[in-house]
Every structure is written in structure tokens, then in C-alpha cells.
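With full-length UniProt numbering as the guide, the letters of the sequence shown map in order to residues 1 to 188.
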Amino acid sequence: MLLHEIQGLGERAKLSRIARSEIQLEVKQEVTQKTYSQRELQRLLKFTNRPVAMNTLKDVMINMSEQGIIFPKTSTNQYRLSISDCYKVADYLGVEKYRDRGWDAFVCILQNLKGGVGKSLGTNMLADALTSLERYALLQNRVLIIDLDPQGTSTQQLLPGYDIADSDLTSILAMATVGLTKDELTKA
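Encoded structure:
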């Protein structure tokens with residue numbers, strides 16, 4: 001291959017990556033967030049330290065509404081709660097978050113030098129499970145994914161509009177840079 005052919009191939013690959021990122025961003029914006037009914041919220045609360053009966057939950061939500069916290073409803077007067085609304089109710093009830101228990105964070109490392117074995121996919125699915133499954137939803141788990149993959153697969157899946165080329169600082173450089181401050185890291 002000649003140099004100009006390689007450069008042309010690189011340019012086409014770059015345009016393809018940009019187009020894919022734009023499509024991912026559009027799809028992510030079109031995907032609606034999961035909403036919960038009052039009954040589903042009551043089921044989520046069963047997995048916490050504050051399970052409540054349906055009548056109690058109704059009373060709690062009425063009290064919260066009287067205090068100015070408005071919950072969206074459908075045209076049939078059924079609650080349509082976002083996960084943020086569910087967190088508000090859980091906080092009001094005193095549901096214990098994972099981080100409030102004083103337990104240490106735990107680390108899960110998925111690594112293998114072989115490519116294409118599903119490390120990034122498995123990592124993203126695990127993070128999604130720890131934040132979205134009924135058993136864990138109201139624990140308000142915080143999950144940090146450190147994407148050391150030079151291809152940035154997890155970053156592309158979780159932040160489709162983020163262009164890795166926008167930053168000069170990669171995760172490898174961040175770890176190798178002695179004396180890097182939090183401000184420098186967040187600006188990068």
C-alpha cells in the first residue's frame with residue numbers, strides 16, 4: 001500500500017467512527033428512561049431495610065406531595081416515577097444506601113490479555129446490574145469503570161458522544177503522571 005492509500009483509509013475510518021458515535025448518541029437520546037409505577041416502587045422497597053405496605057407508601061407519597069415534592073402522573077392518574085423520584089421516596093423513608101453502611105468499596109477486576117473475550121461488555125453489564133436490578137436499585141450504588149482498553153470500548157458504550165481524541169490524557173497517562181492533581185485530571 002502506498003502512503004496516500006493508507007492516509008485515505010485512515011480518513012475513512014475516522015469518518016466511520018464519527019458517524020457511529022453520532023448514531024450512538026442519537027439512539028441514546030431516543031431511548032427513554034425506565035419509569036416505575038407506585039406498585040413497582042413498593043416492590044423495590046421490599047429489597048431494602050424499609051419495606052412498606054402499599055397503603056403506607058400511598059400515605060408517604062401524599063405527605064411528600066403536600067411538602068412540595070411533585071411526582072409525575074399519567075393521564076389515568078397513575079404515578080410515572082423516574083429512578084430519581086424513587087430515590088427521593090427512599091431517602092424520605094430512610095432507606096439505607098450502600099455507602100451509608102460504612103462498608104469498604106469492593107473492587108472487581110475483569111482482565112485478560114486476549115482480545116474479543118467480552119471484558120468490556122461484561123464490565124458494562126455488571127455495572128448496569130449493580131445500579132439497575134431490583135435488588136440493588138434503591139441502594140444507590142456508585143460504580144466506577146476505569147477503561148484501560150486503548151480502544152476505549154466501555155467509554156464509547158457509556159458515553160457515546162464523548163470523543164476520546166478530545167483529551168490528551170488517557171487513563172494510562174493519568175496513572176503514570178506523578179503529582180497529577182484532581183483539578184488537572186478533571187480539566188483533561
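Glycine included, every Cβ here is placed at the ideal spot set by N, Cα and C.
- The residue among L110, M64, V178 and I23 with its C-alpha nearest the C-alpha of L148 is L110.
- A Cβ-Cβ distance of about 6 Å is found for the pair T123 and S154, placing them in contact under the 8 Å criterion.
- Residue range I83 to L93 is occupied by the alpha helix (DSSP H) that includes Y92.
- The residue among N63, E96, E22 and V27 with its C-alpha nearest the C-alpha of N141 is E96.
- L144 and Y136 have their C-alpha atoms spaced approximately 16 Å apart.
- A straight line joining the alpha-carbon of E40 with that of L158 spans about 26 Å.
- In the DSSP annotation of this structure, the continuous segment of the alpha helix (DSSP H) that includes Q42 starts and ends at Q38 to L45.
- Counting along the chain, N124 sits inside the alpha helix (DSSP H) bounded by residues K119 to S132.
- Within the same chain, and ignoring the five residues on either side of N49 in sequence, the residues whose Cβ sits closer than 6 Å to its Cβ are E96.
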